[in-house]
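Each protein sequence line maps, in turn, to chains V and A.
The numbering of the first sequence is my numbering, which starts it at 1 and goes up by one.
The numbering of the second sequence is my numbering, which starts it at 1 and goes up by one.
2 protein chains.
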Amino acid sequence: MMTIFDVIADPTRRIILDLLRDRPRIVSELVAELEISQPGVSKQLRILREADLVTVQQEGRKRLYVLTPKPLSELDQWLANYRQLWEDRYDRLDVYLEEIKQSEKEDSNDNTE
Amino acid sequence: MMTIFDVIADPTRRIILDLLRDRPRIVSELVAELEISQPGVSKQLRILREADLVTVQQEGRKRLYVLTPKPLSELDQWLANYRQLWEDRYDRLDVYLEEIKQSEKEDSNDNTE
DNA sequence: CAAATATATAACTTGACAGTTATATAACTA
DNA sequence: TAGTTATATAACTGTCAAGTTATATATTTG
Numbered sequence: 001m002m003t004i005f006d007v008i009a010d011p012t013r014r015i016i017l018d019l020l021r022d023r024p025r026i027v028s029e030l031v032a033e034l035e036i037s038q039p040g041v042s043k044q045l046r047i048l049r050e051a052d053l054v055t056v057q058q059e060g061r062k063r064l065y066v067l068t069p070k071p072l073s074e075l076d077q078w079l080a081n082y083r084q085l086w087e088d089r090y091d092r093l094d095v096y097l098e099e100i101k102q103s104e105k106e107d108s109n110d111n112t113e
Numbered sequence: 001m002m003t004i005f006d007v008i009a010d011p012t013r014r015i016i017l018d019l020l021r022d023r024p025r026i027v028s029e030l031v032a033e034l035e036i037s038q039p040g041v042s043k044q045l046r047i048l049r050e051a052d053l054v055t056v057q058q059e060g061r062k063r064l065y066v067l068t069p070k071p072l073s074e075l076d077q078w079l080a081n082y083r084q085l086w087e088d089r090y091d092r093l094d095v096y097l098e099e100i101k102q103s104e105k106e107d108s109n110d111n112t113e
């Protein structure tokens, strides 16, 4: 099965999600925007459906795809563990070590021989 | 080249990031935690390096890997476009449509024959 | 210096997945 | 009902990346 990480890794699927963020779309609209074949689009839509990132509304012979973004919150939760780290950058070991690395780089000029 | 989406899509790399979130580690420590070979770990570390998600500190013959989480903010920015959508769920078209879908499902019980 | 340790790189294999074309299914229309 | 439109599914192909083993590189130690 595909994790949410796998699902959003694909650029085509991200484009679809971004399009649906604006408004729901029928398949042919998505096909028009994406530069791949109609079956290719349907294939990605199936994956998005199985990940519960979209739902479908039958409209006669058309199908309206609607964004249901809730599963993205899982990604958000994972990210939350890191958010703090990149936000307050000043009392962190990694920054400290990077500074060391920088000064060592500057030193290492005379070692070249 | 690999996008940040590709980088975090791999479960091994996510484990490495999560381990480094706790504290910096030398390669052999990471190898001990992950169930793949040492070269396999080194390969993923290279990808994390190229994505600027980690930096290395040479410590004698050991190498200390340190998390530098800033590139994850790109992912965060992408997510930000959706966060609002799953948070306020009550005036959204998608929820409305999902309710319709639900009641239609309940109706379709008598069609089974 | 030789042996041992720590890590990286090279070459290779394999599996998965995105895209393709061809076809099926279903709904509307003349 | 026959034809057309809209979408999905099936079968196939090619690419790519994750892991492997073997080897190279670099550092420490006796």
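Glycine residues also receive a C-beta, built at the ideal position from the N, C-alpha and C atoms.
>> Below 7 Å on C-beta distance, what does A/I8 contact in chain V?
In response: Looking up residue 8 of chain A in the second sequence gives position 8. Result: F5.
> Could you give the distance in angstroms between the alpha-carbon of V/Q57 and the alpha-carbon of A/Q38?
Replying inline: Here residue 57 of chain V corresponds to residue number 57 of the first sequence, with the count starting at 1. Here residue 38 of chain A corresponds to residue number 38 of the second sequence, with the count starting at 1. Rounded to whole angstroms, the separation of the alpha carbons of A/Q38 and V/Q57 is 49 Å.
> Just curious, the beta strand (DSSP E) that V/L53 is in, first and last residue?
Replying inline: On the first sequence, residue 53 of chain V is found 53 positions in, with the first residue counted as 1. Segment: none, V/L53 is in no beta strand (DSSP E) and carries neither H nor E.
> What's the C-alpha gap between V/R83 and V/G60?
Replying inline: Sequence index remark: in the first sequence, residue 83 of chain V carries index 83 (1-based). Sequence index remark: in the first sequence, residue 60 of chain V carries index 60 (1-based). Using only the alpha carbons, I get a separation of about 45 Å.
> V/L75 and A/L19 look like a contact to me (Cβ under 8 Å); what is the Cβ gap, rounded to whole Å?
Replying inline: Residue numbering aside, residue 75 of chain V sits at position 75 when the first sequence is read from its first letter. Residue numbering aside, residue 19 of chain A sits at position 19 when the second sequence is read from its first letter. Actually they are not in contact, since the Cβ atoms of V/L75 and A/L19 sit about 19 Å apart, beyond 8 Å.
>> Assuming the contact rule is C-beta atoms closer than 8 Å, V/L67 and V/L17 should be a hit. Round their C-beta distance to whole Å, please.
In response: Looking up residue 67 of chain V in the first sequence gives position 67. Looking up residue 17 of chain V in the first sequence gives position 17. So it is a contact: roughly 7 Å between Cβ atoms.
> What are the residues that DSSP puts in a beta bridge with V/E59?
Replying inline: For the purposes of this step, residue 59 of chain V is identified with residue 59 of the first sequence, where counting begins at 1. Note: V/E59 sits in a beta bridge opposite V/K62.
> Assuming A/I15 and V/F5 make a contact with CB atoms under 8 Å, what is their CB distance in whole Å?
Replying inline: Counting from 1 along the second sequence, the entry for residue 15 of chain A is found at position 15. Counting from 1 along the first sequence, the entry for residue 5 of chain V is found at position 5. That belief does not hold up - the Cβ atoms of A/I15 and V/F5 are roughly 12 Å apart, past 8 Å.
> Does the beta carbon of A/L48 sit closer than 7 Å to a beta carbon anywhere in chain V?
Replying inline: Locating residue 48 of chain A in the second sequence gives position 48, where the first residue counts as 1. Not closer than 7 Å to any Cβ of chain V, the Cβ of A/L48 fails to qualify, so no.
>> For a cutoff of 7 Å on Cβ pairs, would you count V/D22 as touching chain A?
In response: Numbered from its first residue, the first sequence carries residue 22 of chain V at position 22. Answer no: the Cβ-Cβ gap between V/D22 and chain A never drops below 7 Å.
> Given that A/Y82 touches chain V, what residues does it touch there, using C-beta distances under 7 Å?
Replying inline: Within the second sequence, numbered from 1, the residue matching residue 82 of chain A stands at position 82. For A/Y82, the residues of chain V that pass the 7 Å Cβ criterion are R21, P69, L72, in the order they occur in the chain.
> For V/L48, which three-state DSSP category applies?
Replying inline: If you number the first sequence from 1, residue 48 of chain V lands on position 48. In the structure shown, V/L48 sits in a helix (DSSP, three-state: H, G or I).
> Any idea if V/Q44 is buried or exposed, counting beta-carbon neighbours within 10 angstroms, 16 or more meaning buried?
Replying inline: As a working mapping, residue 44 of chain V is identified with position 44 in the first sequence. Looking at its Cβ environment, which holds 16 or more other Cβ atoms inside 10 Å, V/Q44 is buried.
>> Please confirm whether V/D76 has its beta-carbon closer than 7 Å to some beta-carbon of chain A.
In response: If you number the first sequence from 1, residue 76 of chain V lands on position 76. Taking 7 Å as the threshold, the shortest C-beta distance from V/D76 to chain A falls below it.
> Skipping 5 residues on each side, what residues in its chain have a beta carbon closer than 8 Å to that of V/D52?
Replying inline: Against the first sequence, residue 52 of chain V aligns to sequence position 52. Result list for V/D52: T68, K70, P71, in chain order.
> Looking at C-alpha atoms only, which residue of V/Q77, V/R63, V/S73, V/D88 is the closest neighbour of V/P24?
Replying inline: As a working note, residue 24 of chain V is residue 24 in the first sequence. Closest option to V/P24, Cα to Cα, is V/R63.
> From the DSSP output, which residues share a beta bridge with A/L67?
Replying inline: Along the second sequence, one-based indexing puts residue 67 of chain A at 67. Note: A/L67 sits in a beta bridge opposite A/V54.
>> Please state the DSSP three-state secondary structure of V/R25.
In response: As a working note, residue 25 of chain V is residue 25 in the first sequence. Three-state result, V/R25: strand.
>> Using C-beta distances below 7 Å, list every residue in its chain close to V/K105, excluding the 5 sequence neighbours before and after it, in chain order.
In response: In the first sequence, residue 105 of chain V corresponds to position 105, counting from 1. Note on V/K105: pLDDT 48, under 50, position unreliable in the model; no value is reported.
>> Would V/V41 and V/L30 qualify as a contact pair, given that the criterion is a beta-carbon distance under 7 Å?
In response: As a first step, residue 41 of chain V is located in the first sequence; it is residue number 41 there, counting from the start. As a first step, residue 30 of chain V is located in the first sequence; it is residue number 30 there, counting from the start. A contact, by the Cβ cut-off of 7 Å.
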